[in-house]
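K.L.:
Numbering (our numbering), first residue to last: 36 to 249.
(1) Suppose the cutoff is 7 Å on Cβ atoms and the five residues either side in sequence are ignored; what does the same chain contact list for residue 158 look like?
(2) Just reading off the beta strand (DSSP E) that residue 73 is part of, what are its end residues?
(3) Apply the 10 Å Cβ neighbour rule to residue 121 and answer buried if 16 or more other Cβ atoms are within range, or exposed otherwise.
(4) What number of angstroms, rounded off, separates the C-alpha of residue 223 from the C-alpha of residue 98?
(5) Could you spell out the range, first to last residue, of the alpha helix (DSSP H) harbouring residue 62?
(6) Which residue or residues does DSSP assign as beta-bridge partners of residue 227?
(7) Would you mind giving the Cβ-Cβ distance between residue 128 and residue 165, rounded to the nearest angstrom? I have them listed as a contact below 8 Å.
(8) State the start and end residues of the unbroken beta strand (DSSP E) segment that holds residue 249.
(9) According to DSSP, is residue 161 helix, strand or coil?
(10) Grouping DSSP H, G and I as helix and E and B as strand, with all else coil, what is residue 133?
(11) According to DSSP, is residue 215 helix, strand or coil?
(12) Does residue 44 pass the burial test, meaning 16 or more other C-beta atoms within 10 Å, or should it be called exposed?
(13) Kindly give me the distance between the Cβ atoms of residue 73 and residue 59, rounded to whole angstroms, as I take these residues to be in contact under 8 Å.
(14) Looking at C-alpha atoms only, which residue of 220, 231, 53 and 107 is the closest neighbour of residue 88?
(15) Can you list, in chain order, the residues of its chain with a C-beta nearer than 8 Å to that of residue 180? Leave out the 5 residues immediately preceding and following it.
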């Protein structure tokens, strides 16, 4: 299958501003007459959203085992790629995804001390040929990220399971992301996220102009 569209993923630690940048980028692409799909992980389809709710907000006496967490994220991704991402790419669209395989590597791999090579193979099994053309990594120190998530209105009192992990966990997440970016510099664009949303948006659109000739 020839993928005709462009697949761009947005990654980063908690509070880095991925959702804000996606909201700014969508009208910019439409202004430049590019069809786009905004989606997210975990989630993106009805079934994948059910998995998202389960894995991110499970709260009972039975803890979520780390392998269970990994496989639930993988199941959600397989559903998402097959029923949402791949069809949009085949239609020639720009697909912008809030988190993808690198989140699994950073969180379940580096932060949870998972088997990196196994996770890499599991990701490949789930996504097939749907490899991102570009990954925008919004880099932010975890202390700053925690301050931001604490202020977000939608998370007041409802922080998810990953947001409430300790600061060392989130430091490992950031270190994992930066290591992944160093391994694939052609795919990653690292953008400092400790700036104004408008400045970050301008940096991202500059990357898009250069990469996709917009």
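Ideal Cβ positions, reconstructed from N, Cα and C, are used throughout, including at glycine.
P.N.:
Looking at the atomic coordinates:
(1) Position 123 of the chain shown, counted from the first residue, corresponds to residue 158. Excluding residues within five positions, the ones whose Cβ falls inside 7 Å are 136 and 139.
(2) Along the chain shown, read from residue 1 onward, the residue named residue 73 stands at position 38. Here the beta strand (DSSP E) through residue 73 covers 71-75.
(3) Counting from one through the chain shown, the residue named residue 121 turns up at place 86. Residue 121 should be labelled buried.
(4) Stepping through the chain shown from its first residue, residue 223 is reached at position 188. Stepping through the chain shown from its first residue, residue 98 is reached at position 63. Going by the C-alpha atoms only, they are around 34 Å apart.
(5) As a working mapping, residue 62 is identified with position 27 in the chain shown. Start and end: 53-66.
(6) Taking the chain shown and counting its residues from 1, one reaches residue 227 at position 192. Answer is 174.
(7) Reading the chain shown from its first residue, position 93 is the one you call residue 128. Reading the chain shown from its first residue, position 130 is the one you call residue 165. Wrong, their Cβ atoms sit about 13 Å apart, outside the cutoff.
(8) Here residue 249 refers to the residue found at position 214 of the chain shown. Run containing residue 249: none; DSSP gives neither H nor E here.
(9) Working through the chain shown from its first residue, we reach residue 161 at position 126. For residue 161, the three-state secondary structure derived from DSSP is helix.
(10) As a first step, residue 133 must be located in the chain shown, where it is residue number 98. For residue 133, the secondary structure class from DSSP, reduced to helix, strand or coil, is strand.
(11) Against the chain shown, residue 215 aligns to sequence position 180. Helix, per DSSP.
(12) Residue mapping note: residue 44 aligns to position 9 of the chain shown, counting from 1. Answer is buried; the Cβ neighbour count reaches 16.
(13) Position 38 of the chain shown, counted from the start, is the residue given in the question as residue 73. Position 24 of the chain shown, counted from the start, is the residue given in the question as residue 59. Rounded, the Cβ-Cβ distance is 11 Å, inconsistent with contact.
(14) Numbered from 1 along the chain shown, position 53 holds the residue referred to as residue 88. Residue 107 is the option with its Cα nearest to residue 88.
(15) Taking the first residue of the chain shown as position 1, residue 180 is located at position 145. For residue 180, where only same-chain residues beyond five positions count, the Cβ hits under 8 Å are 48, 49, 50, 51 and 205.
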